Every structure is written in C-alpha cells, then in structure tokens.
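Everything below concerns the one structure shown next.
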Amino acid sequence: MPGLPMIRHLMGHMMGWAPLVPMPVLYVLAALAVAAAIAGLARRARGTLWRLAAALLLLLWLAGPERIRETGQPLPQTALLVVDQSPSMSIGQRAATARQAAEAMRQAAARVPGLTVRTVTVRDGHGDGTRLFAALDQAAADIPPARLAGAVLVTDGQDHDVPATIPDHLRPADADGRRTTLPLHVLLTGRGEETDRRLRVLQAPPYAIVGQNATVRVEIDDLGPHPDSDGHATLTLSRGGEAPLHEVVRTGVPQDITLPVTRPGPLLVGLAASTLPGEVSTANNQDVVRINGVRDRLRVLLVSGTPNQGERVWRRLLKADPSVDLVHFTILRPPDKDDGTPLSDLALIAFPVRELFQQKIGQFDLIILDGFENRAILPRAYLDNIANYVRDGGGLLLIGGPEFLGPGSLQDTPVGEILPAHVPVEGGLLEQRFRPALTDGGRRHPVTASLPGAGLDGQGADGQGADWGPWYRTLKADSAHGQVLMDGPDHTPLLVLDRVERGRVAMLLSDQIWLWSHGEGGGGPQSELLRRISHWLMKEPELEEEQLTATIADGRMQVVHRTAAPAGPRAVTVTAPDGSTQSIPLRASGTGLSEATLPATLPGIWTADDGTHRAFAAPATTDPQEFADLRATATLLAPLATQTGGAVRWLGDDPAHPAAPDLRLAASGTLSGPGWIGFPHRDARIVTGRSARPLLPGWAVLLGAGLALLLAWWREGRA
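Residue 744 in my numbering is what sits at position 706 of the sequence shown, and the numbering runs on without skipping anything.
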C-alpha cells in the first residue's frame, strides 16, 4: 500500500515506548498469553479470545506507549542561482542581461519568507567549454539535502556538461530513502531560438612537404532556424599576403581544400565562411590553419679535393642529420698525376662527373667544395653549370686552403665570378697563430650571432677575439663583397656570405676549422657554425639576416625585427583582422634585434609590416568548444528542466529590463506559471523541544481488561 511508508514515518516521529517492566518479562508474558489462548481454542473453551484480548491490552499498557510531541523552528530553504558569464555570453548583451536578471531574482527571493538564494558565477571552463552543472554540484555539496529548494540557471543555453539524468543533488533522499525531485529552472538570454553559421576544420596536417600540396578538410554548418539559407556558402581563403581565393561550397558537407606549400617555415591560412542572414555572430565563421612547411630529404653534394682532416667534420655533421642525403666524393689524385697506383685501389667507383655536374646538378640543395683544386678534373662547361646552379637558386659553400692559390684555383674559372672574395697569388697565404673573431655584422647576423663562446659582444675574454681555439693558416683576400661575418689576423675576411641572383654562396677562407673538433686551445663551435652556414645556404627562414616575425599569446602580439645592418626600421605597421591599422614603435632588445608588443584579441590573421618585410600571426583558440555554437537555445537544457518539473523562460535582449519571473514557494503541484517560477516547501526544521504523555491511561486499561473478562465469563456461562 502506498500509504504504509508515510504511516510508519509518522508513527516513528509521533510515538514512543517507555516499558513499565523489562522487555524480556513482556516477551515471556506475551508467550504465555498466546500459549493459553491456543490451548483454550484447542479445547473449544468459550471466552478464550476475550481472555486473550484482556491479556494483550494489559501487555500493551505494560509496554508503555507514549504520544510524543515535538516543537521546532522552521529552517530557510536555499535555492542555487547559477549565472553564466562564460566567453559565449560576450555575444551581444547576453552577459549584461544575465547579471541584471540574477539581481532581479535575488530581490524577488528577499520577498519570499523562508527562501534564500546562493549565487554562483561560471566564467571560464579552462578549455572544456561551459560547465554549469559542475558548478551546481560544487555549490550544492555543502547544503543539507533537506534545505535545498532547487536551482535556476541563467544562461544562453550553451552548456557542455549536461547530464543524461537528473543530478543527484536535485534528487535528495530523506531518512527513509525516499527521493524528492527538485526543480531546475532555466532562464535564457534572448527572445527565442537563434541562428548561427559555423566553420569547422575537421582535419589539417601540422606539416607539409615544400613543393607539394596540403589538404585541409573543413565543413560549414548552419545551426538553428535558417529559412534564408539556400544550402550554400562562400569560403574565402587568405594566405600570407597573397590574393584571397573564393570558393562556393555546400553547407553540412565536408569539403577538401588543396593548398600549395611553396616555402619552408610556418604557413598561416585564414578560412572564412560568408555570413548567414540573421545569424547571431560571425565569430565562429572563421578559423586559421597553421601548416609548417618542411623540406623533403635534403640532398647535399660534398666534393673533397684531397683527403684532409676537415672532411671528417663534414661527414659527421651531415650524416648526423636524418633529413640529409649526402653524396660525398674525395679526389685521391688529379687526372694528370700518375704514381702507378692501380685505379681499383683509388676508388670503388669512377667519379661520375657528367652525372653530378650536368645531369643531376639541379637536384642538389647544397654543393660543398672542400679544398677543391680543379686541375682539369671538371671541364669548363661543368664549372659553368655550377655557377648557373647558384644563380638559379642553389647554394654553394667553398672551403679554401693552399690549393686555392695553385694553377687550378677555382677563382680563375667561371665559379670565380660568383665567389664573394678574391685571393692574390702573391702573399695570399698567411701562416700564423690567430683566433677567429666576429665582425660587427657577424654579431648581428643569425648565422654567427650568439655562437657558443662568442661572448655577449662577440669578443672573448682577451678583448681581441672570441673565446675559441686558435687556427694557424688562412687566406688573405685583397677584396671581398657580401657580408663578412668573421675575420682573422689583421681583420682579414675569414667567413663571407653573399647572394648571387636567386642563389647563395658562402666562402670560408681557411681549411683549419677541423682544429675546433679536436679541442685545439679549447676548441670551438664548429658543428653549430657549419650547421648554420649550411642551413642559411639552403634558405632556412630562421637564419635570414633580415627577419620580421610575429607571435600572439595570452592576448598580446609580439613583433620581433632582426637585421644585420647597423640600423633597422623604427616602427612597424600592424593590421588587425578587421582591417584597422596602427603604427607601433620598435625598441632595441639586443644586438640587431628590436621588438614591439600590443594587445591582440580579435580572431583571425594579424599582419605586421616594416616597409620591406611582412609577418603574420593569429591567436590560438583557447576554448574551441566554447565557440563551436554561439546560439542562444533551449534545446540542450529544456529536456532536463522538464524532467524536474522546472520551467524554461526567455529573458529578452534588453539588459535594462529583462523578463525575469517572480519567485514563490509552492505547497504542491505545479512549480511554474505565467510570470512566476517556484520551489516546493521542504518543511525543513530544527527541533527545539520534546514532550511525552502516556497513550493509554491506566484507568482505561483496567476498564477495558475488566470488560473483556466479564464478556469471557458471560460466554462461559452460556455453555
């Protein structure tokens, strides 16, 4: 029967027992009375049941039943008011409307006796979206279940932790295990269901091979009622300074976009979907894809003119890089020299001159000539190919030693036309102890700046050179052009870099860099220096001498300008995604470095321009889940509110006069109506006093027992 639990509940709270004799005695007397009754019934003795009734009445009186009366004070009920102030509430006037509605709810609660409101504000989900129910559970944890009245959510309806069933805090259990469902009311900021268009990047490669295409998969979704949509949208793609591309795509269908990767380094691609008529916001209509362009296997050709110590350094450096395919040949003797050594002892394979320097020369990213003396090894046509290879965009590194002054010197061939230094035959070789040092330009150039051991200013402890080991031989150039990064004795050029049309050339005017790898005089950063030279020749972006980079983090944009020139620009022009521009002054931050910072909160691609170079940056989306859907909608929370008996109300979009409902405490039945929402009476109270009085007066027990015995005697007399 459904009423039995309630009867037991009332009896447990309204009755008590105060036995007049020990309970074991009552049990024995009750057993004797029942046994006597059974015996009488077995003999068919008249009046047995009346005698049993008299005995049970006396036993009930001896058990001492009492009527207990409690006096108490009612306790106020607490309703939770969860106010959504997450990033999605920044759309329009949502945040202000929610704050004003919450204040109206607090004022309404102050007019309801026995009801208090605890306000909880939800702001940032730390990358997990809006989590209203996590905040609700945390706030309800220290409220006694008997005093919790229910909850009100003031939100735009975008919550990312909606439970599948009613939370336990809204279904508290009493002492008997019975659960009560408390209402969850939802107040939505807006006039009704809204429309939104969003752009989603479903798949984007973090890396792509330079010279190949990268495929990005995107989808454009139209959410909510959108009667004006024809099922198509325009997708606009913008890439670092290039003309934007426009493509018409179907909505709700994944689309594959192919992007060419033309250079190494980071590539920012801006994606933007056209505006849907009537949509609430365009903040999620755009996104930025970051693709890092990387080279495929780098092919390096190393030709050593004679066996020497330096070629081991080159082999270790290039072989240690898994992205480098090294082709290495060492000329053991020139063709015009005949010492009787069998050809099979000189090389395992013939030197493929035609294949390397005519057929496949364009496949190499870098050519290194180490101590190379021509001496009719390469015909003039092949030397022309090397020079043209550089002019067409290749990289050439030449390490010169004494052989550079001989009759087979490369500076007397077509290769000499692209070399950045000239060494005279007379007096062109210096043999003395010296320490390589950085020039003023070398302290600013990224190839040599901040090399280990160079010191803060590029000079060593002795003030004459960097703290590196000595070399003992160098070439003395009588002329040099390009950029001299290191010098030797008497400030003669030691390392010279130059650009030749679309290609690059580096010339190291000493063949003794290998001494650093042997630790001579403390050694030096030979591996790091050679790595930087090689990567500069292969046009790695981070080693460009003139750079402008931009990054955005924590809402601020940092622009860094690097120059190898004595002075750089004084300001940069920054263009925001909305097209607005501003000039930001640059301040010196190091040798050849200057930087500027500014706030950058708008989503999209920002551009920094110093008049010659441009850099692009975009803020990373800290909480993509929060901006995935920007509609104000009841679709997520209405089912749960209905299950609890709560109401869903729209507050409108006027923050000064939100349509906040009134509050009530309802005895039973419906918990909402026109213009109001309510909470049930929980009847929570604290007991302040307790009194007890016998339930059966002694005179009434004696009268009842005597009457039962008289009836038993009367029945026996009729036998």
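Positions of the beta carbon are idealized from the N, C-alpha and C atoms, including for glycine. Predicted, not measured: the structure shown is a model, and the values here were computed from it.
- Taking a cut-off of 8 Å for Cβ pairs, the segment 595-604 and the segment 623-642 touch, as three or more such pairs fall below it.
- Look at Met576 here: in three-state DSSP terms it is coil, with no helix or strand label.
- If you compare the alpha carbons of Leu261, Asp294, Gly541 and Gly262 with that of Val254, the shortest gap goes to Asp294.
- Put simply, of Met127, Pro151, Val327 and Gly165 the residue whose alpha carbon is nearest the alpha carbon of Ala310 is Val327.
- For the pair Ile456 and Val428, the CB atoms are nearer than the 8 Å cut-off.
- Closest in C-alpha terms to Ala515, from the list Ala504, Pro531 and Val522, comes Pro531.
- DSSP, read as helix, strand or coil, puts Trp737 in helix.
- The DSSP assignment places no complete run of the alpha helix (DSSP H) inside the segment 293-333 (cut-off: 4 residues).
- One thing to note: Pro302 has its Cβ within 8 Å of the Cβ of Gly331.
- The way I'd put it, the segment 472-485 does touch the segment 517-530; three or more beta-carbon pairs between them come closer than 8 Å.
- If you ignore the 5 residues before and after Ser618, its C-beta comes within less than 6 Å of no other C-beta in its own chain.
- Counting the other CB atoms within 10 Å of its CB gives Thr300 a total below 16, which places it among the exposed residues.
- In the structure shown, Gly628 falls within a strand segment according to DSSP collapsed to helix, strand and coil.
- By the neighbour-count criterion, in which 16 or more other beta carbons inside 10 Å mark a residue as buried, Asp403 falls on the buried side.
- Three or more Cβ pairs closer than 8 Å define a contact, and the segment 122-139 falls short of that threshold against the segment 73-92.
- Assigned with DSSP and collapsed to three states, Glu285 falls in strand.
- In this structure, the beta-carbon distance from Gly559 to Gly628 does not fall below 8 Å.
- In the three-state scheme derived from DSSP, where H, G and I count as helix and E and B as strand, Arg132 is classed as helix.
- In the three-state reduction of the DSSP assignment, Asn251 falls in the strand class.
- Judged by DSSP in its simplified three-state form, His270 adopts strand.
- The alpha-carbon of Arg169 is positioned some 15 Å away from that of Asp667.
- Taking the C-beta atoms as reference points, Asp259 is found no nearer than 8 Å to Arg229.
- A residue is called buried when at least 16 other Cβ atoms come within 10 angstroms of its Cβ; Gln250 does not meet this threshold and is exposed.
- The Cβ atoms of Val224 and Ala676 lie closer than 8 Å to each other.
- The beta carbons of Val341 and Leu436 sit no closer together than 8 Å.
- Each residue's CA atom was taken as its position, placing Ala704 and His719 some 6 Å apart.
- No Cβ-Cβ contact shorter than 8 Å links Val158 with Met143.
- Residue nearest to Asp422 within the set Thr233, Gly400, Thr650 and Pro282 is Gly400 (criterion: CA-CA distance).
- Taking the C-beta atoms as reference points, Ala638 is found no nearer than 8 Å to Gly684.
- For Thr680, no beta strand (DSSP E) segment is defined; the enclosing uninterrupted segment is the alpha helix (DSSP H) at Ala676 to Gln681.
- Counting the other CB atoms within 10 Å of its CB gives His270 a total below 16, which places it among the exposed residues.
- In this structure Val286 is exposed. Its beta-carbon is surrounded by fewer than 16 other beta-carbon atoms within 10 angstroms.
- The beta carbon of Ala730 sits closer than 8 Å to the beta carbons of Gly54, Ala56, Glu104, Arg105, Ile106 and Arg107 from its chain, once the five residues preceding and following it are set aside; these are given in chain order.
- DSSP, reduced to helix, strand and coil, places His599 within a strand of the structure shown.
- Three or more beta-carbon pairs separated by less than 8 Å are not found between the segment 648-663 and the segment 169-187, which leaves the two stretches without contact.
- Taking the Cβ atoms as the reference, Leu416 lies roughly 6 Å from Phe395, within the contact range of under 8 Å.
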